[in-house]
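S.K.: Residues in the sequence shown are numbered from 809 upward in steps of one, following our numbering.
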Amino acid sequence: LLNSRPLFQLSTDPNDFGVLTPAHFLIGRSFTSIPDPNFLNVPENRLSRFQHIQKMVQHFWSTWSKEYIHELQQRSKWNKTTTPIKNGTLALIKEDNLPPQMWRLGRIVQLHPGKDGVTPVVTVKCG
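(1) Specify the secondary structure class of R854 as computed by DSSP and reduced to three states.
(2) Between which two residues does the beta strand (DSSP E) containing I916 stretch?
(3) Ordered along the chain, which non-local residues of its own chain (more than five positions away) have a Cβ less than 6 Å from that of T897?
(4) Name the two residues that bound the continuous alpha helix (DSSP H) containing I835.
(5) Identify, in the order they occur along the chain, each residue of the same chain with its Cβ nearer than 8 Å to the Cβ of N849, setting aside the five sequence neighbours on each side.
(6) If you measure between the beta carbons of L834 and F816, is that distance less than 8 Å?
(7) Compare the Cα-Cα distances from G836 to each of D824, L855, S812, T820 and report the closest residue.
(8) Among P921, H867, L900, H920, which has the Cα closest to the Cα of G935?
(9) Take the Cβ of P845 as the centre, count every other Cβ of all protein chains shown within 10 Å, and call the residue buried at 16 or more, exposed below.
(10) Quick check: the Cα distance between H860 and P908, rounded to an integer number of angstroms?
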């Protein structure tokens with residue numbers, strides 16, 4: 809999970825979704841793994857001991873990723889300006905029903921600025 813987190817885009821080509829990850833430094837390529845089956849919604853009485861442990865692990869990682877991602881958000885005063893979003897920037901698309909290693913990468917292709925000049929909405933092309 810942590811070794812597959814995008815650190816930096818490899819190209820400015822809008823059709824290239826390649827990113828540098830910690831796995832590149834560890835094994836020389838991106839880390840790909842088959843996701844575990846989701847046991848979070850399976851009733852307790854239908855789970856084996858192994859599946860029950862997997863469910864607890866999945867619950868832990870689900871909670872951790874929600875809280876960790878939340879903590880990564882920049883906490884600045886509303887009156888401070890931030891770096892504006894630009895076309896071509898890579899974005900990690902969070903999907904609540906998928907584990908983090910399955911989240912897709914997208915590239916911002918169009919900005920939709922508001923009347924105040926701030927861009928609250930963007931169009932993203934998924935890879």
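Just so it is clear, CB atoms sit at the ideal spot from N, CA and C, and this is done for glycine as well.
M.R.: Concretely, from the data shown:
(1) If you number the sequence shown from 1, residue 854 lands on position 46. R854 falls in the helix class under three-state DSSP.
(2) In the sequence shown, counting from the first residue as 1, residue 916 sits at position 108. 912-920 is the extent of the beta strand (DSSP E) around I916.
(3) In the sequence shown, residue 897 corresponds to position 89, counting from 1. Once the five neighbours on either side are set aside, the close Cβ partners of T897 are I916.
(4) Mapped onto the sequence shown, residue 835 falls at position 27. From DSSP, the alpha helix (DSSP H) with I835 extends over 830-835.
(5) Within the sequence shown, the letter at position 41 stands for residue 849. Closer than 8 Å at Cβ, skipping near neighbours: no residue.
(6) Translated into the one-based positions of the sequence shown, residue 834 becomes position 26. Translated into the one-based positions of the sequence shown, residue 816 becomes position 8. Going by C-beta atoms, L834 is not nearer than 8 Å to F816.
(7) Taking the sequence shown and counting its residues from 1, one reaches residue 836 at position 28. Comparing Cα positions, the closest option is S812.
(8) In the sequence shown, residue 935 corresponds to position 127, counting from 1. The shortest C-alpha separation from G935 is found at L900.
(9) Residue numbering aside, residue 845 sits at position 37 when the sequence shown is read from its first letter. Looking at its Cβ environment, which holds fewer than 16 other Cβ atoms inside 10 Å, P845 is exposed.
(10) Within the sequence shown, residue 860 is the residue found at index 52, counting from 1. Within the sequence shown, residue 908 is the residue found at index 100, counting from 1. Their Cα atoms are separated by approximately 21 Å.
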